[in-house]
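End of the sequence shown = 1120 in my numbering, gap-free, step of one.
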Amino acid sequence: MKLKVLIPLLIATASSMAQVVYTDPVFPTQDGTVTIYFDATQGNGALDGVSPPIFAHTGVVTNESATPTSWTLVQGVWGTYDEEVLMTEEGDNLYSITYNINDFYGVPTDDTVYRMGFVFRNQTGSIVGRNEDGSDIFIEVYQPGLNVAILSPSIEPYIVEPGENVDITIASLSAISMDLYVDDVLLASTASDFLEYVYPAVDFGEHWIKAVVFDGVDILVDSTSFYVRPPVPIAALPAGVDQGINYIDDNTVTLVLYAPFKDYVFAIGDHSNWLLNDDVYMNRTPDGNYYWVTLNGLTAGEEYAYQYLIDGNLRVADPLTEKVLDPNNDAFIGATKYPDLKPYPFGFTTGNVSIFQTAQVPYSWAITDFVPDDVDDLVVYELLVRDFLSDRSYISLIDSLEYLDRMGINAIELMPIMEYEGNDSWGYNPSFFIALDKYYGTREKFKEFVDSCHARGIAVILDIAMNHAFGQSPLVQMWWDGAAGAPSAENPYFNQIPRHDFNVGFDFNHDSPATIYLRNRIFKYWLEEYNVDGYRFDLSKGFTQNNTLGDVGAWGAYDANRIQLWKNVADTLWNVNPNAILILEHFADNSEEKELANYGLLLWGNMNHNYGEAAMGWGNAAGNSSLYWASYKNRGWNDPHAVVYAESHDEERLMYKNLEFGNSTNSDHDCKDPFIALERMEQTAVFVFAIPGPKMMWQFGELGYDYSIDFGCRVCPKPVRWDYLEESGRYRLYQVYSAMINLKTQYDAFSTEDFNLDVVGPKKRVNLNDPTMNVTILGNFQVAGGTINPSFQHTGWWYEYFSGDSIFVENPTAELFLAEGAYRVYTDVRLQTPEVIVDIADSELAEALENIAVYPNPSSDVFNFSYTIHEAGNLQMDVYNINGELVYSDGFAVAPGYQTYTWSAQQLDAGVYMVRMQHGDYAEVLRLIVQ
């Protein structure tokens, strides 16, 4: 005799979710035919009353699936009239579909099907039937032979009130006997394959139902439990606890959930083997707003997964958990990025799961006294980890800091890293606001990243989206109106109807005390736990209860309540960190932005269109390339609090604009030409940093990144192109960025309050006046050469920063000629000339040195250079590594004619190098690859 025990598997199967679906036969097998019945009134009820046609969308979980809930062999084309998955109307909101499992799904011969997964839809896919908690529906597939299943109670865990009856139904296959036990007491036996029993629930607490079947050889057991619920214990919150996880000692936590309008809550999880018992039945505070429980006897340092089971039918993770386990996405996070990630508790629960862990080892901060640079000196690098690094990890991000530090930026603004829906995302679909999303790495590695930034003098700013949340947020799920598809009227956090037209997801009620507590808790958390230096607040104009739905203009008008809200947020955070950098993505009326800026907040200054028109060569006297608004003074603000940028994640790439839409009326200066386009990006960068005030750049803009924002789709992953560094024109652009950032961050003149601008037309001028140094910056954004009045501040010697040339000015207003696309940065103090390589497309190349070639390339030793010389003289050869550092230099006399030169690179490490060959006034740059 063999004894087999069926372990309860809770993944929202047909037998565990209130009969949303059922099958004929009861025990479908992989090689058999099955009829699936879908009751549209059950589950989330979304398709209740919806007129046919209704379609199944289905797949199977097999031995090849990544997780116990990962579908494969999916059938049905979403959003179409697909007869293969069309369901038959049975009447009364009941639908069916019949098929052979192997044939219908096309199951490979060697695969084993464990279960079928379903959702159901209308034709367009705009209405979807799921389980009550929004999860997919699963139906078990059985192996032939002896089987048993408890069909009722069909909800697990099953909660009943004292005096109610528990209707028990058991089915078996190939059994000669079937016995029913409750709490190990035999209640009924039958030789049939079907048994029903009514059990009166009397005693409080947990009770077990057990079904035992026998086929003459084997015994098979299935079991489930029910809980007879006593009255909710009423008790005040213990002193000193707050919402979320409270660590009392190494073996004790107190969990607190804000849950007004709820009848009862259990805190289930690893600590209770995911079962209900009196120890996890939560106390309710006398005001009815909070539920809490203290868990004792925990193992120090062990991670415990847990959820809240609310009113017996809703499972949610703790809204204030610091770590989330995701059944659908964790399988795609690599072990290198996140070693030893706790497995999701498949078979015990569904939905997102929260984590607590006592006795955590605190991170040892190397830098504890970091203070960011003054806000008017900020150069912010906006960065999306997903599209910045091929492995999308904090590990590599730390390694990349040398590149960013060398460029000179002093702040990194990370697009949202709070737990968001899915893995592949911009991050503006948040679900858990103080949990670090695991896709890029661990909490410890992120802290190391912040620490490493601070060690280099780089501030870390987090982009955070708290205007809204989406359907995976427990704050949405806990108070939900399924019929309306919106938060319910009782929801203390969200508006049922958004207050403005730009809302996405579900709109927070920003005046609600619950929301005010939550956002202050969240904003303070990241400053204190991760030592970040501030925030960029996404869609900050949406933080209002002023209803302007249908009138975008009214939404942007002066809003006194919104202003006060942001002042309150600022005061709260500056009380935590007086140096916190607070940046609003606001775009409201200037009267409102002025008041906020004068209070100390920074505001995004979007100049993408204007810089783009200038870069493309379309600037004209009408001012379409005007940079007037890049000055905080022209906005009427007291302080330089406009974070001006030419590119951001929300805007089109300027290099792409140049290549696609640039002015090509001058064939000798075609803005669509890649080399000319890069030169114009240099010019644009110069005028971004020329005007005083904080600046922002969007990742890889310093390399002329030229993939459209809509490549793939707006939020789709974009190619990671570190190889752009190997192209001399792009590397030169990086060097120009670095040179201008150096001026901005190291010289007081670039933060002066005394400056003059003439930047409306296509010929632009910036004059910076400071006791330490005067600066005059000129640029001709036309596609034809022309003269410009430099308005030098005085006569005398002036020095051009990039070339090192000097001029003696006798008449400060005498016109200077600038070629098309040219720029000049003049200072009245001689500065060190920056390292900027000569571009192979430089307009000054001439025939005096031509036909340069190098072979073999790549090589591990000898490189042969050939070239043609037209005039006798000296040939200078300089070799630079990828960091722009000179690693080899040589010069020798050359005679006219065809020449060859052999050079050994044995002294160099493997890598990419740039070789600059110069003869007289002419130069060319080649790329070498040393193996």
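Every residue gets a Cβ at the ideal spot worked out from N, C-alpha and C, and that includes glycine.
On a predicted model such as this, the values are computed, not experimentally measured, just so you know.
Item, Value
"Backbone secondary structure at E942 - three-state DSSP", "coil"
"Reduced DSSP secondary structure (H/G/I, E/B, other) of Y896", "coil"
"Continuous alpha helix (DSSP H) stretch holding Y834: start and end", "No alpha helix (DSSP H) holds Y834; the beta strand (DSSP E) holding it covers A831 to Y834."
"7 Å CB neighbourhood of Y453 in its chain, flanking five on each side removed", "R418, V421 and D500"
"Nearest neighbour of L283, chosen from Y270, T251, F244 and V263 [CA to CA]", "F244"
"Own chain partners of S729 with C-beta closer than 8 Å, once the 5 adjacent residues on each side are dropped", "N656, W755, L773, E774 and H775"
"Inter-stretch contact at 8 Å, needing at least 3 Cβ pairs: the region 914-930 / the region 970-979", "no"
"Straight-line Cα distance separating T413 from T287", "29 Å"
"Span separating the alpha-carbon of F659 from that of P619", "7 Å"
"Span of the alpha helix (DSSP H), counted from its first residue to its last, around T1122", "No answer is possible for residue 1122: it lies beyond the span of the chain, which begins at 190 and ends at 1120."
"Where D1031 sits in the DSSP three-state scheme", "Residue placement at D1031 is flagged as unreliable, the pLDDT there being 40, under the threshold of 50; the coordinate-derived value follows with that caveat. Three-state DSSP puts D1031 in coil, outside helix and strand."
"Endpoints, the beta strand (DSSP E) within which V387 is located", "F383 to P389"
"Cβ-Cβ separation, E321 to N517 (assumed contact under 8 Å), whole Å", "Not quite, the Cβ-Cβ distance comes to about 18 Å (not below 8 Å), so this is no contact."
"Limits of the beta strand (DSSP E) - the one that T1057 falls within", "V1051 to I1058"
"Anticipated Cβ contact below 8 Å, L164 with A743, distance rounded", "With the chain covering only 190 through 1120, there is no way to say anything about residue 164."
"A600 and V542 closer than 7 Å at C-beta", "no"
"Selection from E253, V250, I326 and D299 that minimises the alpha carbon distance to Q231", "I326"
"N-terminal and C-terminal residue of the alpha helix (DSSP H) that Y800 is part of", "N797 to M805"
"Nearest-angstrom Cβ-Cβ length linking L922 and L867, presumed shorter than 8 Å", "6 Å"
"Per DSSP, cross-strand counterpart(s) of G1010", "Its beta-bridge partners do not exist; DSSP assigns none."
"Neighbour-count burial assignment, R954, 16 or more Cβ in a 10 Å radius", "buried"
"Span separating the alpha-carbon of L514 from that of M607", "13 Å"
"Helix, strand or coil at A364 according to DSSP, with G and I counted as helix", "coil"
"Residue(s) in a DSSP beta bridge with P619", "Y609"
"Buried or exposed by the 16-neighbour rule on C-beta atoms within 10 Å, applied to Y629", "buried"
"Own chain partners of V1076 with C-beta closer than 8 Å, once the 5 adjacent residues on each side are dropped", "V1068, Y1069, N1070, L1097 and Y1102"
"Straight-line Cα distance separating Y370 from I408", "15 Å"
"Cβ neighbour criterion (16 or more within 10 Å) applied to V1119", "buried"
"T984, buried or exposed, once every other Cβ within 10 Å from all chains shown has been counted against 16", "exposed"
"Euclidean distance between Cα positions of A769 and P427", "33 Å"
"Three-way DSSP call (helix, strand, coil) for Q546 in this model", "strand"
"Alpha carbon of P881 to alpha carbon of N736, nearest angstrom", "37 Å"
"Helix, strand or coil at E1036 [DSSP, three-state]", "Only weak support is given to the placement of E1036: the predicted model assigns it a pLDDT of 47, under 50, and the value that follows is read from those uncertain coordinates. Coil, per DSSP."
"Y347 vs F393 beta-carbon contact at 7 Å", "no"
"Cα-Cα separation, N698 to Q666", "16 Å"
"C-alpha gap between Q208 and T247, whole angstroms", "17 Å"
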